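Input: a single structure, listed below in structure tokens.
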Amino acid sequence: MMTSQSTVEALSYEEAARELEAVIAALETAQVTLEESLGLYERGKALAGRCAALLEQAELRVKTLPPGESA
Amino acid sequence: MQQPLLIQPQSLSVTDLTRHVRDLLVGDEILKDVWVSGEISNFTRAVSGHVYLTLKDANASLKCVIWKASAARMRFPLQNGLAVEAHGAIGLYERDGAYQLYIDAVRPAGEGRLYLEFLRLKARLEAEGLFEESRKRPLPAYPQRIGIVSSPTGAALQDMFNTLRRRYPLAEVILAPSAVQGDAAPLELVQALAALAACMPPPDVILLARGGGSLEDLWAFNDERVVRAVAASPVPVVTGVGHETDVTLVDFASDLRAPTPTGAATLATPDSADLRMGLERLARRLETAARQPLLLRRAALDAQKTRLERSSPRQRLANERQRVDMAAERARAAMAHRLELARSGLQGQDSRLEALNPLNVLRRGFGLVFQPGGALATSVEQVAPGQTVRVRLADGSFSAQVGAVESPSTGN
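Top to bottom, those sequences are chains A and B. To convert, take the position in the first sequence, counting from 1, and add 836; that gives the working numbering. To convert, take the position in the second sequence, counting from 1, and add 29; that gives the working numbering.
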């Protein structure tokens with residue numbers, strides 16, 4: 837579950853949001869050690885930050901396929 | 030040929046006759062609501078805005094009028110040489126004695142035939158199960174890559190870009206440009222869909238869209254090849270073809286039909302405003318959840334502390350200490366008691382001893398007589414007259430000479 841902090845930047849919004857939900861669920865069921873819970877919280881903060889950054893900074897990217905590429 | 034009788038009935042004026050013909054024409058059930066097909070010629074738009082034209086085929090021609098209001102509602106530009114089907118009512122232009130068609134609607138020629146074709150194809154594909162609800166796939170909640178099949182120059186594409194920019198700028202758009210009308214359109218549409226599906230990685234959803242137009246303009250989206258390509262697409266397809274009221278066969282085959290291109294872009298994406306709100310909720314839940322393990326542990330710790338205290342040796346120590354104290358007290362009391370007893374016993378013996386003390390007897394006036402040998406004389410037979418004996422009194426002793434010895438038997 838625990839991946840290193842730097843990979844947060846590589847996550848898509850969906851991945852980050854889904855993992856954030858999982859982190860919260862893990863914390864809520866409290867089947868984790870205190871130390872783990874601290875790590876989970878840090879991870880959750882990073883994920884939420886990633887989602888927010890994606891929402892704020894996103895610019896629609898458009899790619900055009902070459903036309904008339906026939907099969 | 031028989032001549033009409035010249036003296037017979039009164040003649041009709043041209044006007045009367047013309048009005049009579051007009052009444053016949055406008056009273057006719059067929060002529061008041063008719064579709065006429067033909068080719069446009071003599072197309073004229075008057076300064077007044079009314080349109081005049083002639084419909085003709087190989088053998089006949091028909092004068093037509095389109096009043097300004099109707100002309101403004103035409104779905105496509107009319108021009109000479111265009112084969113159309115015109116709808117309207119036959120009337121009579123009295124000044125010229127000319128009957129003409131007052132047109133209120135025009136459709137491209139063959140559209141009626143197209144519509145029948147549409148219905149037949151729809152029935153056939155429907156029977157094949159191509160339009161089954163169960164075939165329709167859910168759209169991804171957060172599409173990362175959105176494929177678009179549309180005209181690269183159409184307003185529809187700009188509408189979709191604007192909508193995506195506003196709602197969900199997180200996405201990457203992959204545009205597969207295609208003609209959306211004309212003979213080449215069906216094949217290009219099929220190829221564009223295939224090109225998108227072949228992308229690495231493929232888009233998460235495809236928007237297939239074009240703006241409004243006549244039924245003929247939209248016809249490519251009723252093409253069997255295109256409909257089948259949409260149904261077979263490995264990527265979910267959202268269609269937004271034409272306006273709200275236009276329904277094409279791809280709409281039945283797609284996973285979701287949107288009323289317009291803008292609608293397609295809307296239905297395929299979450300609104301980032303909603304995402305923002307959801308994210309704030311998640312962030313709050315995270316804060317609460319993060320305290321949860323601590324809180325639970327603190328509660329568990331408190332409970333354990335209580336249990337620990339309950340089973341703590343301190344209480345037992347206190348109990349033990351008290352027991353020791355009490356035992357010590359009892360021991361002390363017992364000892365004291367025994368001492369007391371001993372003391373009182375000693376005193377008894379003391380007085381008994383005292384009572385036996387011969388000096389005490391002496392004090393009462395008795396004396397002890399010791400034989401000359403030192404032994405206590407306890408019988409008169411132990412002394413003889415003339416002997417010196419010692420007499421002991423309480424406070425001292427003296428010696429004495431024995432006189433006569435009398436035995437009590439003799440003396441008494």
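We treat Cβ as the ideally placed atom computed from N, Cα and C, and that holds for glycine. The structure displayed is predicted, hence computed values, not measured ones.
C-beta neighbour in chain A for residue i, strict 8 Å
| i | result |
| --- | --- |
| B:Q321 | yes |
| B:E201 | yes |
| B:L330 | no |
| B:Y204 | The displayed chain sequence assigns Leu, not Tyr, to residue 204 of chain B. Chain A, which has a Cβ nearer than 8 Å to the Cβ of B:L204, makes this yes. |
| B:L128 | The amino acid occupying residue 128 of chain B in the given sequence is Tyr; Leu does not appear at that position. Taking Cβ atoms only, chain A never reaches closer than 8 Å to B:Y128, which makes this a no. |
| B:Q210 | no |
| B:F190 | yes |
| B:Y81 | no |
| B:P198 | yes |
| B:A224 | yes |
| B:A294 | no |
| B:L193 | yes |
| B:R239 | no |
| B:R257 | no |
| B:Q173 | yes |
| B:A100 | no |
| B:R345 | no |
| B:A249 | no |
| B:R326 | yes |
| B:A185 | no |
| B:A170 | yes |
When the options are compared against residue i, the one with the closest alpha-carbon
| i | options | result |
| --- | --- | --- |
| B:T289 | B:G402, B:R327, B:L311, B:G242 | B:G242 |
| B:D188 | B:V43, B:K92, B:G292 | B:G292 |
| B:S163 | B:G432, B:L375, B:L325, B:F281 | B:F281 |
| B:R393 | B:L422, B:E155, B:F399 | B:L422 |
| B:G117 | B:R104, B:R124, B:I95 | B:I95 |
| A:L883 | A:A846, A:K899, A:L891, A:A852 | A:A852 |
| B:P414 | B:G403, B:L405, B:E435, B:F399 | B:E435 |
| B:V135 | B:A98, B:M103, B:P38 | B:M103 |
| B:L143 | B:R286, B:L193, B:W248, B:Q400 | B:W248 |
| A:K881 | A:V859, A:E850, A:Q867 | A:V859 |
| B:S66 | B:V80, B:R153, B:G139, B:A100 | B:G139 |
| B:A184 | B:D86, B:D379, B:R239, B:L46 | B:R239 |
| B:P198 | B:V418, B:A89, B:Q173, B:V409 | B:Q173 |
| B:N88 | B:A371, B:D133, B:E68, B:P38 | B:E68 |
| B:D424 | B:G402, B:F72, B:N389 | B:N389 |
| A:E878 | A:R897, A:V898, A:A846, A:E855 | A:E855 |
| B:V256 | B:V80, B:Q430, B:K151 | B:K151 |
| B:L294 | B:I177, B:A205, B:L397, B:R343 | Residue identity check: residue 294 of chain B is Ala in the sequence provided, not Leu. Checked all of B:I177, B:A205, B:L397, B:R343; the closest Cα to B:A294 is B:I177. |
Start-to-end residues for the alpha helix (DSSP H) that takes in residue i
| i | result |
| --- | --- |
| B:V50 | 43–56 |
| B:C228 | B:C228 -> no alpha helix (DSSP H), and no H or E assigned at all. |
| B:G415 | Neither: B:G415 is in no alpha helix (DSSP H) and is coded neither H nor E. |
| B:E410 | B:E410 -> no alpha helix (DSSP H), and no H or E assigned at all. |
| A:S873 | 870–893 |
| A:V859 | 849–865 |
| B:Q400 | Counting along the chain, B:Q400 falls outside any alpha helix (DSSP H), and DSSP gives it neither H nor E. |
| B:T291 | 290–296 |
| B:Q187 | 184–196 |
| B:F281 | 278–282 |
Short CB-CB distance (under 8 Å) between residue i and chain B
| i | result |
| --- | --- |
| A:A907 | Annotation note: pLDDT 40 at A:A907 (below 50); position unreliable, coordinate value reported separately. Cβ-Cβ to chain B under 8 Å: yes for A:A907. |
| A:A884 | yes |
| A:A888 | yes |
| A:G875 | no |
| A:L901 | yes |
| A:M837 | With a pLDDT of 47 at A:M837, under the threshold of 50, the predicted position of this residue should be treated as unreliable, and no value is reported. |
Terminal residues of the beta strand (DSSP E) in which residue i lies
| i | result |
| --- | --- |
| B:P206 | 201–206 |
| B:K85 | 80–85 |
| B:A109 | In the sequence as displayed, the identity of residue 109 of chain B is Asn instead of Ala. Per DSSP, B:N109 belongs to no beta strand (DSSP E) and is neither H nor E. |
| B:Q173 | Per DSSP, B:Q173 belongs to no beta strand (DSSP E) and is neither H nor E. |
| A:K899 | 897–900 |
| B:V63 | 63–74 |
| B:G425 | 425–430 |
| B:R286 | 285–287 |
Check: Mind listing which residues of the stretch 843–858 of chain A have their C-beta closer than 8 Å to chain B's C-betas, in chain order?
Finding: S848, Y849, E850, A853, L856, E857
Next item on the list: Would you list, in chain order, the members of the stretch 298–320 of chain B that have their beta-carbon closer than 7 Å to a beta-carbon of chain A?
Entry: S301, L304, R305, L308, L311, A312, R314, L315, A318, A319
Margin query: Restricting to runs no shorter than 4 residues, where is the alpha helix (DSSP H) found entirely within the stretch 237–276 of chain B?
Written below: Considered as a whole, the stretch 237–276 of chain B harbours 253–261 as its complete alpha helix (DSSP H) runs of no fewer than 4 residues, in chain order.
Next item on the list: Note down, one range per segment and in chain order, each alpha helix (DSSP H) of at least 4 residues found wholly within the stretch 93–152 of chain B.
Entry: 97–101
Checklist line | the stretch 144–160 of chain B: positions lying closer than 8 Å to chain A by Cβ | finding: none
Notebook entry, point to check: Relative to chain A, which residues along the stretch 63–77 of chain B have a C-beta separation below 7 Å, given in chain order?
Noted result: none
Note to self: At 4 residues or longer, what runs of the alpha helix (DSSP H) sit wholly inside the stretch 331–395 of chain B?
What the structure shows: 342–385, 387–392
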